[in-house]
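Here this note's numbering runs 80 ahead of the position in the sequence shown, where the first position is 1. Glycine included, C-beta positions come from ideal geometry on N, C-alpha and C.
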Amino acid sequence: VSDVKNDKFRLYILPVNKFARQMRWLKKSGYRPISLDALYAYLERGEETPDRAVAITFDDGYRSLKDSAAPLLAQLGFHHVYFINTGKLGKTTDWVEEASDLEILRAEEVREMAKQYGPLADFQPHGKTHLSLANRDAETIRREVGDCIVELETLLNRPARYLAYAYGDYDEETIKTVAAMPLRCAFTVDQGLCRPGRNLHQLPRVEIFSNDFFLDFICKVKFGWSPVARLRTFLKRRYKKLVSVIRSLL
């Protein structure tokens, strides 16, 4: 969430005003952001959640979130989660070719946010170095995730029980290895809503992009995907194919 301009990475940088409108719509519409502990209790034991429950998460721990997202979410009383790469704290997004200079939260800033926002702000593992966990052996997965868990728990003196896969990447070995670790749930970026009966270490999440229309956002919250966005993508592909055919005929 930032007003930083980066054409190559703009899809993943949500303007502050757009984010604020989305969050205020959630509030006005009666949505209730819940903790991952509450989500786990619902998925694993069938415990009740509030009507219109949602979970708000951010990956990577961009430093801009400290000033752009966190104060607004606290003002609205919204619980939210930052998935953190402990080995990248205080550094930049060197794993992103299109935007390698975006700043990551520093360790002391993570501690300050955890203290300032208390139970409203949760910090959970995203892997130590933002390594893709697909096509990796079990030992590499355990080291990448396990080191992050230990370092995050040491930093905040809080339990780390939930993982978001870096890049959303995973395979069967990833799920098997992570399920054997002290983690209650692991999240992908596969579209969909979290329902009981799903694999707890292959849970979907809904990505919100900067080019989403407001209607896309509403659909994603309600259904876990946007038919409007899917139609737009389909039409764009058909248009490009048509242009290619016309050019070949000229």
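Worksheet item: Between which two residues does the beta strand (DSSP E) harbouring Asp181 extend?
Response: Element bounds for Asp181: n/a, residue is neither H nor E.
Discussion item. Give me the residue from Ala194, Arg312, Val134 with the minimum Cα distance to Pro284.
Written reply: Val134
Practice prompt. Count the other C-beta atoms from every protein chain shown that fall within 10 angstroms of the C-beta of Gly198, then say buried if there are 16 or more, exposed otherwise.
Written response: exposed
Worksheet entry | Per DSSP, the bridge partner or partners of Leu283 | Phe267
Worksheet item: Below 8 Å, can you find three or more Cβ-Cβ pairs linking the segment 252-264 to the segment 147-158?
Response: no
Fill in: Gly141 burial status per 10 Å Cβ neighbour count (16 or more: buried)
buried
Fill in: Length of the line joining the Cα atoms of Glu178 and Phe99
22 Å
Discussion item. Measuring alpha carbon to alpha carbon, tell me which residue in His159, Glu124, Glu224, Ile298 is nearest Phe138.
Written reply: His159
Practice prompt. Report the partner residues of Val134 according to the DSSP bridge assignment.
Written response: Pro113
Worksheet item: Given 8 Å as the limit, is there contact between the segment 116-124 and the segment 219-227, that is, 3 or more CB pairs closer than that?
Response: no
Item to complete: Please check the pair Gln204 and Tyr242, which I expect to be a contact at CB under 8 Å, by giving their CB distance rounded to whole angstroms.
Response: 4 Å
Worksheet item: Which value, in whole angstroms, describes the spacing of the CA atoms of Ala244 and Arg318?
Response: 34 Å
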